[in-house]
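Below is one structure; the comments refer to it alone.
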Amino acid sequence: MGLALLLTLYSSQVRSKEDAAAPAKGPDIRVLLAVPEGHGTTKSPLHVIIQNLTDKPQSHFEEWNSWGYGNLTVEWTDTEGKTGTVKKVPGGWDRNGPSTIALPPSEALVREISFDPKLWDGWPDLPYGSRLTLKVIYQCVPAPKAPAWSGKVASKEQSVLFR
Numbered sequence: 001m002g003l004a005l006l007l008t009l010y011s012s013q014v015r016s017k018e019d020a021a022a023p024a025k026g027p028d029i030r031v032l033l034a035v036p037e038g039h040g041t042t043k044s045p046l047h048v049i050i051q052n053l054t055d056k057p058q059s060h061f062e063e064w065n066s067w068g069y070g071n072l073t074v075e076w077t078d079t080e081g082k083t084g085t086v087k088k089v090p091g092g093w094d095r096n097g098p099s100t101i102a103l104p105p106s107e108a109l110v111r112e113i114s115f116d117p118k119l120w121d122g123w124p125d126l127p128y129g130s131r132l133t134l135k136v137i138y139q140c141v142p143a144p145k146a147p148a149w150s151g152k153v154a155s156k157e158q159s160v161l162f163r
């Protein structure tokens with residue numbers, strides 16, 4: 001009986017050390033900002049790439065519904081240090097449901113962020129030659145009606161010259 005108790009205690013300590021030594025789980029998606037080659041222009045949208053980094057399919061809310069509509073934001077900083085956040089203009093829905101799109105392992109989903117003030121609010125004035133540092137945030141809250149990816153992931157900061 002004493003030996004069994006000793007072995008049980010020892011094995012639980014070994015498991016605890018293994019668990020502590022295990023690498024932290026990394027993010028299960030990656031968010032990237034894609035801009036036109038070499039520079040940006042307010043006539044063309046920015047593209048956000050959301051990539052599944054797991055070996056299992058993921059569900060992501062579609063943008064047409066209220067669950068997926070405002071999941072992207074852009075944080076910007078200009079050359080003088082002024083900051084702001086770009087968000088989708090609040091929407092209204094005649095029809096609404098938590099529909100999702102399947103994102104297979106290692107595949108990517110592309111979403112657009114435009115400079116259209118009817119769709120996106122918070123862009124600063126961007127005269128020719130303006131430079132902004134941009135970071136895209138993709139955030140989805142859990143929805144009990146439709147299981148889908150939830151969490152918050154940000155792209156790396158990226159300097160963009162607007163022409």
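FYI, my numbering numbers position 56 of the sequence shown as 56, with every residue one higher than the one before it.
Idealized CB from N, CA, C, for every residue including glycine.
Exercise for the section: State buried or exposed for P142, treating a residue as buried only when at least 16 other CB atoms are found within 10 Å of its CB. Expected result: exposed
Handout entry: Beta-carbon gap between W120 and V86 smaller than 8 Å
Key = yes
Exercise for the section: Return the CA-CA distance between S155 and N65, expressed in angstroms with no decimal places. Expected result: 23 Å
Problem - Status (buried if at least 16 other CB within 10 Å, exposed otherwise) for G68 - result: buried
Exercise for the section: Compute the Euclidean distance between the alpha carbons of Y128 and S59, then round it to the nearest angstrom. Expected result: 39 Å
Handout entry: Whole-angstrom distance between V31 and V74, CA atom to CA atom
Key = 12 Å
Handout entry: Where N96 falls, given that 16 or more other Cβ within 10 Å makes a residue buried
Key = exposed
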